[in-house]
Structure formats: structure tokens, C-alpha cells
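Trainee: Residue numbers (our numbering): 85 to 432. Glycine included, C-beta positions come from ideal geometry on N, C-alpha and C. Take a look at this one; I'll ask things after.
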Amino acid sequence: MKIFVTGGAGVVGVPLIRMLDARHEVIALTHTRPVPGAEVVRGDITAPGLGLDTEDMARVLDGLDLVVHCAASVDFAAGPDTLHAVNVTGTQRVLDLAAEAGARLVHVSTAFVDIDPPEDITGGHATLLPGQYIAAKRVGESEVRASGLTHTIVRPSAVAGHSRTGEITEYQGVHSMSRALLRGSVPLFLCAGYARYDLVPCDVVAAVIAAVAELPDAPATVWATIGPNSFTADRLLEILDETFDEYGLPRRGPRRADPEVFRRLLEPAFFDELRPAEKTKMANLMSTVASLFQADPMPTSLGTIPGAPQAFSTFDAEEVMRTTFRTVIAREGMAQAPAALDRKEVMV
């Protein structure tokens, strides 16, 4: 099968191409970054014809069976124009190419697309605005469904590093949050204790996409998520303490409090007295946490798609968080790995 992949140099694209290239002819679109393991064409996801010259376009279209659209902007601070250009216009450009080739499409969206965007309870101090990202991805999905193409929409939740090694091409939101928690720079974690964090490894997302790619009658929507065995905010903070103990570090994790505490006590007591930069930092943390931690577990398709990974147990889900903490500790040089740990499995 001949497959064209966008976003091949990205967090999901890199492990996906490793899986697909062994069995299929793969051509990857990239803007500037190298894409290991695939034939590459250079272009621009937002440009007509994806910015491909005539020769490269002909090479892509010739005998093309499947398009896997992974390219996206996940930058909550990018602003609505950039997010629309990449996540909506870019999707339209990919749809045009797939239609010209008569190819099936696998579109990678987000599992958060159906949630209501969280409000900025600080009154406008946040610069990380997940609602703008969610809105753009929602429109992108609508474009796919209206295209008339045979398609599957894959919805990953928050993406972590490789399930065994923690390896990832670039830090994601979970890594930035983990670094702040490990450094003790988050004094208060404003989140309901029962709220769930659905964190899925990048190689699991890639394996779901690869399975869908090889399944001509795949469902219209597939959830690359942990689902009912995702862990809660309270359990996340317990895993953090366990990680401190594992590395012989002092426990410096935050206290957890319900968001209502901010409105009722913290905002009038001290928030208004903070410097603007401190207000923004706190507002961004609250906005990000509010978007990632959900009251109800997400659906999951793990264990239901032939060739895709099986459903995660509670232990498996928690191990993803442990591996993320260990990866950040190793990359940031926060501590030596405990003797009982195989360093090959925590370094990136």
C-alpha cells in the first residue's frame, strides 16, 4: 500500500512511520525537519497543493492508496489565526489531495474535541487558551466528515512519550507540567480530586493509526485513549510523591484544592496582588489543568480494533505517568536514576 503521511516529523508521526515503513511504501510531507525512515517531500501544510512542486505532487499522487493526516498545531498560545491556518485550512488542503488521488483518509484529531472549553476563571490573564485549539480541531473534523471521502477520525487524548522508554521528539504539555511539579514550583493544584487525566503514549497512538490504516472498513471514529482506567488528580499527586521517594528526593508536590477555592478564597486574598507575570503563570496552569482533567472517563477503542493495542489496566495507565516523571528527571538532570531502574528505559 502507498501511504502519504503529514506531520511525519512530529510526536506521533515518528513512531508511526517506523511502523508503516516496514510494510508499506511511505512518503512523508515535511516543512523543514528531517523524517527518518521515509521518502520525503517538502512543502507547506497551509499552502494550495501543500506547497508541492509539480514533480513532487505527481510522485505523491501516483498510485496513492491512503493519506494519514497527523500534522497540526497544538500550541495553546498560537492564537486563532494560526490555529485555523494549520488545523482547518491545512486539513482542507489534505482533503483536496486525497480527493484528487481517490485515496482513503485517516485524520488525527483530538479526544478533547467534544468538551466544552474551560473558562479562564482569572478573568483574562491566561495566554494559553485551549478552547481556541479545540475549536479549530472541531472545525477540522467537520471538514473531514463533509468531504465525502472514505475516512476514519482518530481521537488521541493527551500524548506522552514512548510507553517503555519515554522517548519523544519534543516536550508536550504533560512534560512541562511534570517539570513544574517535580521542581516544586506549583504550590497549589486546582483540580477536583476525582477528575481524570487520560494520558496515552505516542507509540500507542501510532499503533492505533497503523492498525486503522490497514483496516479498510475501520470505524468512522476511533478513540486512542486510556478510557475508564485513566487515573485521577488525587492519584497523580500520589504517583508524584512515590517518584520523589523512588529517587530519594524531598517531597515538594503541591496541595490539591477544588477550583471553587480559588474563586472563594484565593482570588480575593492574594491573586490581585500578584505581579502580572505571576498572574499569567498561575492562570495558564489553571487553564491547562481545567482542559486536561475531566469529570468523566473518555471512551476508548483500545482492544476493539484488530491489530491495535489492547486496553490499558489501571497499573498500565499509572506507569505512563511514572515513565513521564522519570524521563523529565533524567532529561533535566534532577537526580541520578535509582540502582533498581534500568537507565535505558528512562533516558531519551
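I'd like to know if the stretch 388–399 and the stretch 219–226 are in contact, where contact means that at least 3 CB-CB pairs between them fall below 8 Å.
Mentor: no
Trainee: Under three-state DSSP, which class holds Gln-176?
Mentor: Here residue 176 corresponds to residue number 92 of the sequence shown, with the count starting at 1. In the structure shown, Gln-176 sits in a helix (DSSP, three-state: H, G or I).
Trainee: Can you tell me the Cβ-Cβ gap for Leu-283 and Val-404, rounded? I've got them flagged as a contact below 8 Å.
Mentor: The residue given as residue 283 occupies position 199 in the sequence shown. The residue given as residue 404 occupies position 320 in the sequence shown. The pair is a contact, with the Cβ atoms about 5 Å apart (cut-off 8 Å).
Trainee: Where DSSP assigns a beta bridge to Glu-357, which residues make up the other side?
Mentor: One-based indexing of the sequence shown puts residue 357 at position 273. Among the bridge pairs identified by DSSP, Glu-357 is matched with none.
Trainee: Take the Cβ of Val-110 as the centre, count every other Cβ of all protein chains shown within 10 Å, and call the residue buried at 16 or more, exposed below.
Mentor: Here residue 110 refers to the residue found at position 26 when the sequence shown is read from its first residue. Label assigned to Val-110: buried.
Trainee: In whole angstroms, what is the alpha-carbon distance linking Leu-358 and Ala-264?
Mentor: Here residue 358 refers to the residue found at position 274 of the sequence shown. Here residue 264 refers to the residue found at position 180 of the sequence shown. If I take the Cα positions, the gap works out to 19 Å.
Trainee: Keeping to the same chain, check which residues put their C-beta closer than 7 Å to that of Leu-212; ignore five residues upstream and five downstream.
Mentor: The residue you call residue 212 lines up with position 128 of the sequence shown. Cβ within range, chain order: Phe-160, Ala-161, Asn-368, Ser-371 and Thr-372.
Trainee: Under 9 Å, do Arg-102 and Met-85 count as touching if we go by C-beta distance?
Mentor: Your numbering for residue 102 matches position 18 in the sequence shown. Your numbering for residue 85 matches position 1 in the sequence shown. Cβ atoms of Arg-102 and Met-85: not closer than 9 Å.
Trainee: Quick check on Leu-145 - is its C-beta less than 9 Å from some C-beta in chain C?
Mentor: In the structure shown, chain C cannot be found, because there is only a single protein chain.
Trainee: Within 10 angstroms of its Cβ, does Gly-337 collect 16 or more other Cβ (buried), or is it exposed?
Mentor: Here residue 337 corresponds to residue number 253 of the sequence shown, with the count starting at 1. With 16 or more Cβ atoms within 10 Å of its Cβ, Gly-337 is classed as buried.
Trainee: In the structure shown, what three-state DSSP assignment does Glu-139 receive?
Mentor: Here residue 139 refers to the residue found at position 55 when the sequence shown is read from its first residue. Helix at Glu-139.
Trainee: For Val-284, name the three-state secondary structure that DSSP assigns.
Mentor: To locate residue 284, count along the sequence shown from 1; it is residue 200. When secondary structure is reduced to three states using DSSP, Val-284 falls in the strand class.
Trainee: In the DSSP assignment, what residue or residues form a beta bridge with Phe-377?
Mentor: Within the sequence shown, the letter at position 293 stands for residue 377. Looking at the DSSP assignment, Phe-377 forms a beta bridge with Tyr-281.
Trainee: What is the DSSP secondary structure of Leu-320, counted as helix, strand or coil?
Mentor: The residue labelled residue 320 in the question sits at position 236 within the sequence shown. Leu-320 falls in the helix class under three-state DSSP.
Trainee: In the DSSP assignment, find the beta strand (DSSP E) that holds Leu-272 and state where it starts and stops.
Mentor: Mapped onto the sequence shown, residue 272 falls at position 188. 272–274 is the extent of the beta strand (DSSP E) around Leu-272.
Trainee: Can you list, in chain order, the residues of its chain with a C-beta nearer than 8 Å to that of Gly-332? Leave out the 5 residues immediately preceding and following it.
Mentor: Within the sequence shown, residue 332 is the residue found at index 248, counting from 1. Excluding sequence neighbours, Gly-332 sits near Ala-419 and Pro-422.
Trainee: On the criterion of 16 or more Cβ atoms from any shown chain inside 10 Å, does Val-345 qualify as buried, or is it exposed?
Mentor: Indexing the sequence shown from 1 puts residue 345 at position 261. So Val-345 ends up on the exposed side.
Trainee: Per the DSSP calculation, Ile-218 is bridged to which residue(s)?
Mentor: Indexing the sequence shown from 1 puts residue 218 at position 134. Beta-bridge pairing links Ile-218 to no other residue.
Trainee: Kindly list the residues whose CB is nearer than 6 Å to the CB of Val-98, restricted to its own chain and excluding five residues on each side of it in sequence; keep chain order.
Mentor: Position 14 of the sequence shown, counted from the start, is the residue given in the question as residue 98. Short of 6 Å from the beta carbon of Val-98, and not among the five residues preceding or following it, lie these beta carbons of its own chain, in chain order: Thr-253.
Trainee: Name the DSSP beta bridge partners of Phe-88, please?
Mentor: Taking the first residue of the sequence shown as 1, we reach residue 88 at position 4. Looking at the DSSP assignment, Phe-88 forms a beta bridge with Ile-111 and Val-151.
Trainee: On the three-state DSSP scale, how would you describe Val-237?
Mentor: As a first step, residue 237 must be located in the sequence shown, where it is residue number 153. Note on residue identity: the sequence assigns Ile, not Val, to residue 237. Ile-237 falls in the strand class under three-state DSSP.
Trainee: Indicate the three-state DSSP secondary structure (helix, strand or coil) for Ala-414 in the structure shown.
Mentor: By 1-based counting over the sequence shown, the position of residue 414 is 330. Helix at Ala-414.
Trainee: With a Cβ-Cβ cutoff of 9 Å, do Pro-312 and Thr-384 count as a contact?
Mentor: On the sequence shown, residue 312 is found 228 positions in, with the first residue counted as 1. On the sequence shown, residue 384 is found 300 positions in, with the first residue counted as 1. Result yes, Cβ atoms of Pro-312 and Thr-384 sit closer than 9 Å.
Trainee: Tell me which residues share the same chain as Ala-341 and place their Cβ nearer than 7 Å to its Cβ, disregarding the 5 neighbours each side in the sequence.
Mentor: Your numbering for residue 341 matches position 257 in the sequence shown. So the list reads Leu-272 and Leu-274, once near-sequence residues are dropped.
Trainee: Quick check on Ser-262: buried or exposed, where buried means 16 or more other Cβ atoms within 10 Å of its Cβ?
Mentor: If you number the sequence shown from 1, residue 262 lands on position 178. Result: buried.
Trainee: Between which two residues does the beta strand (DSSP E) containing Arg-339 stretch?
Mentor: Along the sequence shown, read from residue 1 onward, the residue named residue 339 stands at position 255. 339–341 is the extent of the beta strand (DSSP E) around Arg-339.
Trainee: State yes or no: is the C-beta of Val-306 within less than 9 Å of the C-beta of Ile-205?
Mentor: By one-based count along the sequence shown, residue 306 stands at place 222. By one-based count along the sequence shown, residue 205 stands at place 121. It is not a contact, given that the beta carbons lie outside the stated cut-off.
Trainee: How is Ala-419 classed by DSSP in three states: helix, strand or coil?
Mentor: Counting from 1 along the sequence shown, the entry for residue 419 is found at position 335. DSSP places Ala-419 in coil when its eight states are reduced to three.
Trainee: How many Å lie between Glu-184 and Glu-123 at the Cα?
Mentor: Within the sequence shown, the letter at position 100 stands for residue 184. Within the sequence shown, the letter at position 39 stands for residue 123. One C-alpha to the other measures close to 21 Å.
Trainee: Quick one: what does DSSP say Ala-242 is sitting in, helix, strand or coil?
Mentor: Looking up residue 242 in the sequence shown gives position 158. Here Ala-242 sits in strand by DSSP.
Trainee: Closer than 8 Å is the cut-off here; do at least three beta carbon pairs connect the stretch 276–291 with the stretch 229–249?
Mentor: yes
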